[in-house]
Structure formats: C-alpha cells, structure tokens
Amino acid sequence: NAGVTQTPKFQVLKTGQSMTLQCAQDMNHEYMSWYRQDPGMGLRLIHYSVGAGITDQGEVPNGYNVSRSTTEDFPLRLLSAAPSQTSVYFCASSYEWVGGNEQFFGPGTRLTVL
Amino acid sequence: AQKVTQAQTEISVVEKEDVTLDCVYETRDTTYYLFWYKQPPSGELVFLIRRNSFDEQNEISGRYSWNFQKSTSSFNFTITASQVVDSAVYFCALSEAANRDDKIIFGKGTRLHILP
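Taken in sequence, the protein lines are chains A and B. In terms of the working numbering, the first sequence has 51 at position 11, counting the first letter as 1, and numbering is strictly consecutive. In terms of the working numbering, the second sequence has 11 at position 26, counting the first letter as 1, and numbering is strictly consecutive.
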C-alpha cells in the first residue's frame, strides 16, 4: 500500500494563478481532509469529506474548493492564489469518522505564492 | 466550542532527561477523543495515541506515557529518558463526538529539542 500520496511536493505560483493539489489514498478510507500548516499556527482544517460525493468546510475554507468523486481521490483547488495561501498543505485520511480513528497523513505539499 | 492549548511553544532538554509536554483542552461534550501526533524534522505526521473521554487510564508505550485528567482537562505527554530521535514537533488534538461533526482541532504544537 502506498498510503496517502500528494502531488506535487513543491509548487511556486504567481498571485492570481490557479492550481490543483492532488491527494490519493489506497486504503479504502471514507474520511479525507485537507489541512494547512503555518508557522506557529498548528494544523488548520480547510475542507473534509466523509465519503464520495460529500464534502464540507473546515476552519479556513475561503479560497479553496474540493470535490470527492471517488473514494480514493480528494483534490484541493486554489481558485486564484494569494500570498496568504503560502503554506504547507497536508492531506489525510482515516477509516471513517475522524473522532474514533487515527488519521494517516500524506507527505505534504509546500506551496509558495509570489 | 472546542479548543486545544499547548502553552509550551518550544522546549529544549539534554538527552536522557525526562520531559513532559502539556495539553489543555476545552469542550462542552461529555464524549470526545484526544490525540497526539508527532512531526519529526522530515515533515511527516505520525499518529501516537488516541484516548476517548471515558477512559482515564494512563497509557504507557515504551518510553512514552500519557496522563489524562478530566478534572483539569489535560492530556499530557511524557517522554522518559529522552533521545535525540525524539526531537520533533508534537501536536495534541481534540475531536468532539456530539453529532459526529467529523472535525478535529489541533493545538499549535510544541517543538521539542533533545540536545546530545
């Protein structure tokens, strides 16, 4: 099993550009989520999904879109990148409801917006 | 509203010393889950432990131990005889069970330096 994979590992964007961060898991997990990690801020939840076709907002959803068309994939879209979105992004998955299960994290994507 | 406070931003200890990382949480639920995750310098996040609110037994795993006290809303993590490989950022997290709202809140983390 590859676990949770994320691509790309590094990305530099210019303000206003759009892009999609890819996340995939091969563990047949129902729950997937996206976090951003900023210095001194810990991990903050952006969006999450409890299953294919179901998504919801987390703590900091503005400027990001998600969709969940399959159990395996959960891409995160930046519609119009801003310098405030410079961060490290982590995708995570768990078997089902996050409260009762450990989350498995991807290796992260380091995004810089100029 | 749920909240997790890790008051210690950064700690440095000399190898072989014991060190305790504090975690204080706030929740209105009677049923909730607490977690600790480790983020070593390589950057990945690794699950360490999950504890539900009905299980106040302390847990020990090798050199790691966790002290859960509902009376003080704390879930502290102790490393005994620390080693350089324990150097990492440690995150405490909380998930409330009411309505199964599927959100987990992380503290801001404690960066631990183990000095050789």
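Quick reminder that beta carbons are idealized off the backbone N, C-alpha and C, glycines included.
Amino acids of chain A, ordered along the chain, whose beta-carbon sits closer than 9 Å to that of residue i
i	result
Phe32 (chain B)	Glu142, Gln143, Phe144, Phe145
Gly47 (chain B)	Near Gly47 (chain B) there are no residues of chain A at all, since even the closest Cβ is about 18 Å away, more than 9 Å.
Bridge partners - residue i, DSSP secondary structure assignment
i	result
Val(-1) (chain B)	B:Leu100
Ile86 (chain A)	Ile86 (chain A) is not bridged to any residue.
Per-residue contacts from residue i into chain B (C-beta, under 7 Å)
i	result
Leu83 (chain A)	Phe76, Phe91
Anticipated Cβ contact below 8 Å, residue i with residue j, distance rounded
i	j	result
Gly92 (chain B)	Gln(-7) (chain B)	Contact flag wrong, Cβ pair sits at about 10 Å.
Ala78 (chain B)	Thr16 (chain B)	Incorrect: roughly 16 Å between the Cβ atoms, too far for contact.
Arg108 (chain A)	Ala122 (chain A)	Not confirmed; about 24 Å, so no contact.
Any non-hydrogen atom of the ligand MN within 7 Å of residue i CB
i	result
Leu116 (chain A)	The ligand MN is not part of this structure, which contains no ligands at all.
Beta-carbon neighbours of residue i, restricted to chain A and to distances below 8 Å
i	result
Ser130 (chain B)	The requested residue 130 (chain B) is not part of the displayed model; chain B covers only -14 to 101.
Under 7 Å from the C-beta of residue i: neighbouring residues of chain A
i	result
Tyr18 (chain B)	Gly139, Gly140
Element boundaries [beta strand (DSSP E), containing residue i]
i	result
Asn102 (chain A)	From DSSP, Asn102 (chain A) is part of no beta strand (DSSP E); its letter is neither H nor E.
Ser46 (chain B)	44 to 46
Lys(-12) (chain B)	-12 to -10
Tyr10 (chain B)	9 to 11
Ala82 (chain B)	Ala82 (chain B) -> no beta strand (DSSP E), and no H or E assigned at all.
Test: residue i CB closer than 8 Å to a CB of chain E
i	result
Ser80 (chain B)	Protein chains in the displayed structure are A and B, and chain E is not among them.
Touching by the beta-carbon criterion (3+ pairs, under 8 Å), the stretch 137 to 145 of chain A and the stretch -6 to 3 of chain B: no
Three-pair Cβ contact test at 8 Å for the stretch 122 to 141 of chain A versus the stretch 71 to 83 of chain A: yes
Inter-stretch contact (C-beta, 8 Å, three-pair minimum) for the stretch 85 to 103 of chain A and the stretch 34 to 52 of chain B: no
Stretch pair the stretch 21 to 28 of chain B + the stretch 59 to 75 of chain B: three plus CB contacts closer than 8 Å: yes
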